[in-house]
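Shown next, in structure tokens, is the structure this report addresses.
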Amino acid sequence: MSFNMLVLTCIGYVIFLFAVASAAERSAAAGRARWLRSSTIYTLSLSVYCTAWTFYGAVGYAARSGLEFMTIYLGPTLVFVGWWVLLRKLVRIGRENRVTSIADMISARYGKSNLLGVIVTLLCIAAGAPYIALQLQSIAQSFTVFVSDPDAMGLSTDRNLIAFWVAVGLAFFTIAFGTRTLDANEQHHGVVTAIAVEAVVKLVALLAVGIFVVWFVASGPSDILTRIDAQALPEWEIQPGRWTGLILLSAIAIVCLPRMFQVAVVENTEDRHLATASWAFPLYLFLISLFVLPIAVIGMELMPEGSNPDMFVLTLPLYLGQDGLALLSFLGGFSAATSMVIVAALALSTMVSNHIVVPLWLRMRAARQRDTGDMRLLVLNVRRLSITMILALGYIYYVITGGSGALAAIGLIAFVGVAQCLPALIGALYWRGASRTGAALGLIVGSIIWFYALFLPSFGPDIFLSARVMESGPFDLAWLRPYSLFGLTTLDPLLHALFWSLLLNVLAFCAGSMFSFPSPIERVQSALFVNVYERAGPARSWTRPVAEAEDLLPMAQRIFGASEAQTFFRVQAAAQGKQGFLPDITPEFLEALELKLAGSVGAATAHAMLAQSVGTAVVSVEDLMAVASETAQIMEYSAQLEAKSEELTRTARKLREANDKLQTLSVQKDAFLSQISHELRTPMTSIRAFSEILMDAEGMSDEEQTHFARIIHDESIRLTRLLDDLLDLSVLEHGQVQLNITPANLRELIDKSITASNSVQADRTFALHRSRDSEDIEILTDAGRLSQVFINVLSNSRKYCDADHPRMKIKVQRRKGMIEVDFIDNGSGIPRDKQALIFEKFSRLTDSLQAGGAGLGLAICREIMHNLGGEIAYVPGQGGAAFRVSFPVSLQARDALSRPGKDATEAAE
Amino acid sequence: MEKRVLVIEDEPNISEALRFILTRNGWQVEVSADGQAALGRLQNDPPDLLILDLMLPGITGFDILRSLRSQSLTRDLPVLMLTAKGQAADRVEAERLGVTRFMTKPFANAEVLAAVHAMARA
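Shown next as structure tokens:
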């Protein structure tokens with residue numbers, strides 16, 4: 000077939016695939032074609048594991064090493080059949096956390112660490128480059144082999160150039176397929192469908208070649224078995240150590256390869272697809288490996304010496320003149336290579352854009368301006384650039400290694416590289432103690448060893464590592480020889496690198512995890528990942544991701560109350576032209592509901608609640624933080640309310656106290672009126688009784704009549720005096736008193752007061768002790784009022800002093816503009832418990848005859864002294880009754896005026 | 000034989016008026032200004048009738064009345080209580096304690112005499 004014809008065939012095939020993908024995406028968008036999400040498609044897409052290496056390389060592998068190629072199939076088979084529990088957990092976590100790649104998975108689990116995302120991304124790119132180079136190499140080889148006119152175009156046999164154009168074509172193809180739109184959860188239904196078609200093509204092609212070889216070249220299975228026995232070479236012996244290592248390696252790869260993670264986890268839509276794949280995918284692997292050995296044996300028998308066994312699948316039909324079969328075989332290999340490149344480039348470009356470019360871009364942008372503009376175009380362009388870059392790297396690797404190495408060897412190098420993710424990944428699923436530090440340490444240590452002991456040497460001597468370093472180690476340090484680190488010389492390079500990198504990776508991971516403390520977000524994530532099933536509950540939460548209005552209504556009722564929520568739902572339903580309470584769950588409705596909820600519970604809480612109910616968005620830590628801050632605000636409001644409530648309590652207490660005071664005053668007023676009534680009625684009783692007696696005076700002596708008349712007279716005077724006192728007290732208490740301030744001499748004032756009080760119990764003689772010189776003070780005050788106080792005190796003493804030889808001592812002192820006059824007698828004084836009472840109204844201590852008053856005297860004295868800017872007090876412990884009257888030497892008019900004002904204020908309270 | 004009446008009253012002019020009126024009407028009158036002292040005498044040798052002031056120094060008329068009503072000898076002693084306070088609550092309290100007559104000051108002499116005669120006959 001001519002070169003041009005072959006290129007056209009390839010382009011036609013690609014256009015066919017493109018049409019399949021577009022049709023699939025249109026169907027998926029329209030909601031039709033559930034078969035697109037079937038377990039068959041899922042299983043077939045998993046066959047992206049079988050690359051050109053499997054298609055061409057397995058036969059070459061078998062030709063060189065016999066059954067060892069089987070290890071590459073046994074590993075994944077064991078994982079799917081025996082360890083699908085791990086896959087199921089991986090898939091569940093991946094879907095629930097909307098994981099976009101293996102880098103995202105590890106980063107998310109270890110506290111959304113971007114550092115880990117970057118490490119895994121770089122590792123996967125480094126490991127991905129050889130693998131992509133492998134595909135380029137196989138396509139280039141198949142071109143060279145297939146083209147019947149190698150010299151038709153001058154450059155047609157330049158394999159580097161062919162590889163270059165293949166790379167360009169694949170880049171274009173991948174960009175066209177994978178970056179047309181940006182799906183929120185990184186699922187690509189079109190690509191997956193196209194890959195499923197390619198999976199069928201490569202299986203059919205390989206089976207066709209196999210059937211042709213077994214039944215048309217040889218004469219059936221028994222003949223093939225005989226020929227296999229005849230070909231037995233020493234290298235075909237099974238080496239248990241190497242087999243174990245390779246099975247382990249391919250088992251790890253099926254989990255860790257970015258493209259496998261993409262199709263198995265990211266593109267997965269339902270758990271049960273995995274259950275089907277657990278038997279269907281091993282069956283696919285079995286079928287695709289069934290004819291590897293026959294093809295290899297027949298190829299070795301028939302093909303000329305020196306033929307590349309890697310190309311037997313293609314060269315054998317050509318050699319036997321089966322051009323149609325050869326073309327099918329070519330398309331099978333082309334399918335295997337393109338599917339791998341497309342998925343790998345997609346997965347890697349997602350990682351590059353999500354973990355390297357976008358974070359960097361956001362950081363730079365955040366430094367300049369805050370803008371939340373649409374980033375979709377940016378992300379798409381980053382993806383396109385990343386895909387180009389990844390294919391460029393693969394091409395560069397291909398050019399540097401010279402396309403020389405065997406296909407299988409190159410693939411295994413990539414396997415060991417991605418295997419470094421395994422400890423962190425397993426820890427993410429099963430070990431809550433695994434920490435970011437441990438994961439980072441393990442990844443870095445493992446990657447360095449892989450890089451040094453396998454990746455760099457794979458370029459061949461003298462490219463990165465000189466032959467001398469390979470031979471005796473850097474700086475002649477033998478224990479650092481890349482192929483025999485730490486003196487381990489018995490293993491072949493691949494197993495040697497696998498052993499050391501994984502061992503030290505695991506050790507660093509465990510040590511780092513145990514000696515570091517996870518951050519809070521790490522702990523949250525570890526719980527989410529390790530206990531994914533406990534949290535998930537029934538499968539319904541994601542098989543039916545959108546909530547029904549029936550679910551949202553009760554939630555809204557809890558927040559708004561039943562009637563308001565029902566009204567809101569009914570209005571919304573009516574706006575959609577529906578009857579009843581249940582509107583369709585449209586984005587507009589959800590937006591309105593969230594807005595309304597936000598009014599009640601705060602925006603972040605509303606968003607989190609709806610996200611939980613609707614089940615389409617993950618509640619991020621930022622959301623939770625916002626919820627917490629809203630809660631804090633509510634608590635603050637509550638504290639303010641509490642303060643207000645305390646204030647109210649205080650006010651209420653004040654009111655209660657005021658009320659109590661008023662009640663007390665009312666009781667006091669009643670008691671006062673009752674007291675006045677008693678004091679008035681008592682003399683009136685005597686007056687009335689004796690008046691009635693005198694009205695019927697027959698037979699009474701004159702003496703008797705005079706005596707009774709005198710009683711009436713005395714009681715009348717007592718009554719008058721009582722009324723005078725009450726009036727006086729009332730005037731004094733209400734500050735309506737007119738003070739007559741005049742100059743006076745204190746000594747003269749005391750003289751007059753003594754004379755006036757002598758009339759009380761005039762028969763008793765008081766011995767007076769005075770210091771007349773000290774009394775000689777000119778004062779300015781209301782002399783009449785002051786003398787009223789003096790007379791009252793002196794009269795009381797004459798009434799109550801119970802000494803046989805009564806004595807009165809008058810002492811005058813000056814102190815800071817005040818004058819103190821003490822009146823001290825030698826009686827028994829006033830009992831301690833009564834001392835506080837004597838200035839109260841009606842507080843007579845003894846019977847009324849002796850006192851001859853209503854008990855208002857001292858109350859009046861107290862009011863007078865207040866009005867004079869001074870006071871009267873009882874002085875205890877003086878050997879008798881002792882009163883101290885103090886007042887200013889010179890009373891200013893304003894002092895006198897200020898008193899009533901103060902009293903008025905007190906009265907108002 | 001003349002009936003005996005005890006007047007417990009701390010206002011000397013009032014007790015003198017009561018003594019005069021009652022004596023003129025054939026009563027043998029004793030007067031006491033000290034309620035506490037009079038209470039002891041009442042319980043040993045009760046009179047035929049008691050005129051009792053409510054407001055006394057040191058002890059109230061209520062206290063005396065309560066004490067009298069708790070003793071068998073004075074349980075049925077006719078008691079005329081006089082008060083100058085004139086509060087309705089006092090009358091209620093006095094009746095609760097078993098007073099025979101309750102009268103507010105100032106009183107008409109004839110009123111007191113009528114009450115005393117009525118009580119003595121009963």
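Chains A and B supply the protein sequences, listed in that same order. First residue of the first sequence: 0, per numbering that gives the first Met the number 0; consecutive thereafter. First residue of the second sequence: 0, per numbering that gives the first Met the number 0; consecutive thereafter. In this text, a Cβ means the ideal position worked out from N, Cα and C, and glycines have one as well.
**Prompt:** In three-state terms, what does DSSP make of L424 of chain A?
**Reply:** helix
- I40 of chain A beta carbon less than 8 angstroms from that of V262 of chain A: no
Report task. Please state whether DSSP places F101 of chain B in a helix, a strand or coil. Result -> strand
Return helix, strand or coil for P56 of chain B, following the three-state DSSP convention. coil
Limits of the alpha helix (DSSP H) - the one that H706 of chain A falls within: 701 to 732
inquiry  = Pop quiz: L67 of chain B and T73 of chain B are said to be a contact at Cβ under 8 angstroms. What is the actual Cβ separation, rounded to whole angstroms?
reply    = 4 angstroms
Discussion item. I'd like the list of long-range same chain contacts for P233 of chain A, defined as Cβ closer than 8 angstroms, with 5 residues on each side in sequence excluded.
Written reply: Bear in mind that a pLDDT of 48 at P233 of chain A, under 50, signals an unreliable position, so the number given afterwards is only what the model happens to contain. Closer than 8 angstroms at the Cβ level, and outside the excluded window around P233 of chain A, lies no residue.
Check your understanding: Of all the CB atoms in chain D, is at least one closer than 8 angstroms to the CB of A688 of chain A?
Key -> The chain inventory of the structure shown lacks chain D, comprising the protein chains A and B.
Query raised in the report: If you draw a straight line from the alpha carbon of A418 of chain A to that of A427 of chain A, how long is it in whole angstroms?
Result: 15 angstroms
For H804 of chain A, three-class secondary structure by DSSP: coil
Practice problem: Could you tell me if I107 of chain A is buried or exposed, where buried requires 16 or more neighbouring beta carbons within 10 angstroms of its beta carbon? | Solution: According to the sequence displayed, residue 107 of chain A carries Ala and not Ile. So A107 of chain A counts as buried.
| said: Checking the sheet assignment: what are the DSSP bridge partners for W26 of chain B? | reply: B:K2
- Could you give the residue range of the beta strand (DSSP E) that holds I823 of chain A? 817 to 824
Handout entry: Short CB-CB distance (under 8 angstroms) between H677 of chain A and chain B
Key = yes
*With distances taken between CB atoms, is the gap from L552 of chain A to A564 of chain A smaller than 8 angstroms?*
yes
* Asked: What residue from A:W214, A:M299, A:V888 has the CA that sits closest to K815 of chain A's CA?
  -> A:V888
*asked:* Based on DSSP bridge pairs, tell me the residues matched to L51 of chain B.
replied: B:I7, B:M80
Using a Cβ-Cβ cutoff of 8 angstroms, what residues of the stretch 858 to 892 of chain A are near chain B? List them in chain order.
none
Mind checking if K84 of chain B is an interface residue toward chain A, Cβ cutoff 8 angstroms exclusive? yes
Item to check | Cutoff 8 angstroms: R680 of chain A Cβ touching any chain B Cβ | outcome: yes
| request: Using a Cβ-Cβ cut-off of 8 angstroms, state whether S827 of chain A counts as contacting chain B. | output: no
(Q) Short of 8 angstroms Cβ to Cβ, which residues in the stretch 10 to 37 of chain B face chain A? (A) E10, P11, N12, I13, E15, A16, L17, F19, I20, A32
Discussion item. On the criterion of 16 or more Cβ atoms from any shown chain inside 10 Å, does M634 of chain A qualify as buried, or is it exposed?
Written reply: exposed
Can you pull the chain A neighbours of F106 of chain B, defined as C-beta to C-beta under 8 angstroms? T684, R687, A688
Which of helix, strand or coil does DSSP assign to T741 of chain A?
strand
Near-chain B residues of the stretch 641 to 653 of chain A - C-beta to any C-beta below 7 angstroms
none
Taking the Cβ atom as the reference point for each residue, do F822 of chain A and L857 of chain A lie within a distance shorter than 8 angstroms? no
Query raised in the report: Just curious, the alpha helix (DSSP H) that P308 of chain A is in, first and last residue?
Result: Neither: P308 of chain A is in no alpha helix (DSSP H) and is coded neither H nor E.
| Rounded C-beta distance between E110 of chain B and F101 of chain B? I'm assuming under 8 angstroms. | Wrong, their Cβ atoms sit about 12 angstroms apart, outside the cutoff.
Spatial neighbours of A207 of chain A within its chain, please: C-beta separation below 8 angstroms, excluding the five flanking residues on both sides.
L324, L327, S328
DSSP three-state assignment for L121 of chain A, whether helix, strand or coil:
helix
Check: Interface residues of chain B around I692 of chain A at Cβ under 8 angstroms?
Finding: A16, F19, I20, N108
Where E714 of chain A meets chain B, residues with beta-carbon distance less than 8 angstroms
N12
Inter-residue CB distance, I409 of chain A and P129 of chain A (contact presumed, cutoff 8 angstroms)
5 angstroms
Euclidean distance between Cα positions of V637 of chain A and K643 of chain A: Here residue 637 of chain A is Ser; the residue named in the question, Val, does not match the sequence. C-alpha separation (whole angstroms): 10 angstroms.
Taking the C-alpha atoms as reference points, what is the distance between G81 of chain A and A343 of chain A?
26 angstroms
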